[in-house]
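Those sequence lines, one after another, are chains A and B.
184 is the number of the first residue of the first sequence in this note's numbering; add one for each residue after it.
13 is the number of the first residue of the second sequence in this note's numbering; add one for each residue after it.
C-beta atoms are modelled at their ideal positions from N, C-alpha and C, and glycine is treated no differently.
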Amino acid sequence: MKDIIKEPGRIVIPSDPTYLQALDDFLEETLRGFGMADNDVADVAISVTELVNNAITHGNMNDSQKTVEVKIVRNSDQVEVTIKDQGLGFNPGNIPDPLSDENLLKETGRGIFIVRSLMDKVEFETAKNGGTRVKVVKKFTPVEE
Amino acid sequence: MKLTDREEGGVVILEPKGKIMGGPDATILNERLHDFIKTDKRNVIIDLGKVDWMNSTGLGILISGLTTMRNNGGDLKLVNVTEKIESLLTITKLITVFENYDSIDDAVKSFKT
């Protein structure tokens, strides 16, 4: 299994959900450093852990030799978070509607829907060298500068 | 996430604390819910008052618990749902699926009516 890499604005974790706590610690520390309010921090953390869960399970197929990279950048009044896996790509158009009666009681399938609800922008891209790159954007007003 | 449980009036009360985001913590909650069935405890309350937030993994565990309890003649009800989790339940329409109470007393009484 690969080692975790953590530096300002960037974390790389092996494809193992055990590392979600380290990811959340990194998100909290970075986002609070930007002066983000608790509610906005929670929205970003929910969304990013959601996308990293998907990257581990559906992208990297739980292969612990593959990694998920998360980068956070503050751009004026918004944060941009990029999540990149080493899988085979992902088509967000193929997701069933989680609100339909036949899907409402399913245990999975509502992650991307939640991310789209909480973030101001969500972009999916299949990278040229393989893997899926997801960029999410959240606008915010700092609680203190 | 930390998890404690107790029993009141024949009803199991589960109290997770922290964040439910997937990984080992989520597995613990899921397994605990299924353990209750094995010991014939089918009426469960989950007190969410100390849960900061959950993602879809947490919602999936709640649904799994709900369907497991109902399929075995019991039920799973929610108490002290925080604003953040209530908003997630609302946007996913799961607010229509779960019985939701403001106090443990009210939730326990609801199993007796």
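Along the chain, where does the alpha helix (DSSP H) containing Phe48 of chain B start, and where does it finish?
Locating residue 48 of chain B in the second sequence gives position 36, where the first residue counts as 1. Phe48 of chain B -> alpha helix (DSSP H) spans Pro36 to Lys50.
Short CB-CB distance (under 8 Å) between Met81 of chain B and chain A
Within the second sequence, residue 81 of chain B is the residue found at index 69, counting from 1. No, because no Cβ of chain A sits closer than 8 Å to the Cβ of Met81 of chain B.
Where Phe209 of chain A falls: helix, strand or coil (DSSP):
Position 26 of the first sequence, counted from the start, is the residue given in the question as residue 209 of chain A. Here Phe209 of chain A sits in helix by DSSP.
Closest by C-alpha distance to Met13 of chain B, when choosing among A:Arg193, A:Glu190, A:Pro197 and A:Thr201:
For the purposes of this step, residue 13 of chain B is taken as the residue at position 1 of the second sequence. Taking only the C-alpha atoms, the option nearest Met13 of chain B is A:Thr201.
Does Lys248 of chain A pass the burial test, meaning 16 or more other C-beta atoms within 10 Å, or should it be called exposed?
What you label residue 248 of chain A is simply residue 65 of the first sequence in a count that begins at 1. Here residue 248 of chain A turns out to be Gln, not Lys, going by the sequence shown. So Gln248 of chain A ends up on the exposed side.
Would you please verify whether the beta carbon of Asp207 of chain A is less than 8 Å from any beta carbon of chain B?
Taking the first residue of the first sequence as 1, we reach residue 207 of chain A at position 24. Cβ-Cβ to chain B under 8 Å: yes for Asp207 of chain A.
State yes or no: is the C-beta of Trp65 of chain B within less than 8 Å of the C-beta of Ile97 of chain B?
The count along the second sequence starts at 1 and reaches residue 65 of chain B at position 53. The count along the second sequence starts at 1 and reaches residue 97 of chain B at position 85. Cβ distance < 8 Å, so Trp65 of chain B and Ile97 of chain B count as in contact.
What does the alpha-carbon distance come out to for the pair Met302 of chain A and Glu233 of chain A?
Residue mapping note: residue 302 of chain A aligns to position 119 of the first sequence, counting from 1. Residue mapping note: residue 233 of chain A aligns to position 50 of the first sequence, counting from 1. Each residue's alpha carbon lies about 12 Å from the other.
Need the endpoints of the beta strand (DSSP E) that Met13 of chain B sits in, please.
In the second sequence, residue 13 of chain B corresponds to position 1, counting from 1. No beta strand (DSSP E) contains Met13 of chain B, which DSSP labels as neither H nor E.
What is the rounded straight-line gap between the Cα of Arg316 of chain A and the Cα of Thr51 of chain B?
Position 133 of the first sequence, counted from the start, is the residue given in the question as residue 316 of chain A. Position 39 of the second sequence, counted from the start, is the residue given in the question as residue 51 of chain B. Each residue's alpha carbon lies about 45 Å from the other.
Those residues which DSSP pairs with Tyr113 of chain B across a bridge
As a working mapping, residue 113 of chain B is identified with position 101 in the second sequence. DSSP, once it has assigned bridges, lists B:Val91 as partnering Tyr113 of chain B.
If you draw a straight line from the alpha carbon of Ile73 of chain B to that of Thr80 of chain B, how long is it in whole angstroms?
For the purposes of this step, residue 73 of chain B is identified with residue 61 of the second sequence, where counting begins at 1. For the purposes of this step, residue 80 of chain B is identified with residue 68 of the second sequence, where counting begins at 1. Spanning the two alpha carbons is a distance of roughly 10 Å.
So, is the C-beta of Glu290 of chain A closer than 8 Å to a C-beta in chain B?
Your numbering for residue 290 of chain A matches position 107 in the first sequence. Glu290 of chain A counts as touching chain B.
Out of A:Asp280, A:Gly313, A:Asp284 and A:Lys311, which has the shortest C-alpha to C-alpha gap to Arg299 of chain A?
Indexing the first sequence from 1 puts residue 299 of chain A at position 116. Of A:Asp280, A:Gly313, A:Asp284 and A:Lys311, the residue nearest in Cα terms is A:Asp280.
Does DSSP put Leu106 of chain B in a helix, in a strand, or in coil?
Here residue 106 of chain B corresponds to residue number 94 of the second sequence, with the count starting at 1. In the structure shown, Leu106 of chain B sits in a helix (DSSP, three-state: H, G or I).
Classify Asn92 of chain B as buried or exposed, calling it buried when 16 or more other Cβ atoms lie within 10 Å of its own Cβ.
In the second sequence, the residue the question calls residue 92 of chain B occupies position 80. Label assigned to Asn92 of chain B: buried.
Residue from A:Thr265, A:Asp221, A:Phe209 and A:Leu203 with nearest C-alpha to Ile239 of chain A
Within the first sequence, residue 239 of chain A is the residue found at index 56, counting from 1. The shortest C-alpha separation from Ile239 of chain A is found at A:Leu203.
Could you tell me the boundaries of the beta strand (DSSP E) in which Met66 of chain B lies?
Within the second sequence, residue 66 of chain B is the residue found at index 54, counting from 1. Note, Met66 of chain B: beta strand (DSSP E), Val63 to Met66.
Taking only the alpha-carbon atoms, compute the straight-line gap between Asp223 of chain A and Glu290 of chain A and give it to the nearest angstrom.
Within the first sequence, residue 223 of chain A is the residue found at index 40, counting from 1. Within the first sequence, residue 290 of chain A is the residue found at index 107, counting from 1. Straight-line Cα distance between these residues: approximately 26 Å.
Hey, would you say Asn55 of chain B sits closer than 8 Å to Gly34 of chain B, going by beta carbons?
Residue numbering aside, residue 55 of chain B sits at position 43 when the second sequence is read from its first letter. Residue numbering aside, residue 34 of chain B sits at position 22 when the second sequence is read from its first letter. It is not a contact, given that the beta carbons lie outside the stated cut-off.
Can at least three beta-carbon pairs, one atom from the stretch 81-91 of chain B and one from the stretch 109-122 of chain B, be found at a separation below 8 Å?
yes
According to the neighbour-count rule (16 or more other Cβ atoms, all chains shown, within 10 Å of its Cβ), is Ser230 of chain A buried or exposed?
Against the first sequence, residue 230 of chain A aligns to sequence position 47. That one is buried.
Using a C-beta cutoff of 8 Å, does Pro28 of chain B count as contacting chain A?
As a position in the second sequence, residue 28 of chain B is number 16, starting the count at 1. No - not a single Cβ of chain A is within 8 Å of the one on Pro28 of chain B.
Quick check on Thr104 of chain B: buried or exposed, where buried means 16 or more other Cβ atoms within 10 Å of its Cβ?
Sequence index remark: in the second sequence, residue 104 of chain B carries index 92 (1-based). Result: buried.
Using the rule of at least 16 other Cβ atoms within 10 Å of the residue's Cβ for burial, across every protein chain shown, is Leu288 of chain A buried or exposed?
Here residue 288 of chain A refers to the residue found at position 105 of the first sequence. Burial call: exposed.
Where Leu15 of chain B and Ile57 of chain B are concerned, what is the direct C-alpha to C-alpha distance, given to the nearest angstrom?
Position 3 of the second sequence holds residue 15 of chain B. Position 45 of the second sequence holds residue 57 of chain B. Cα-Cα distance, rounded: 13 Å.
Could you tell me if Ile295 of chain A is buried or exposed, where buried requires 16 or more neighbouring beta carbons within 10 angstroms of its beta carbon?
Here residue 295 of chain A refers to the residue found at position 112 of the first sequence. Burial call: buried.
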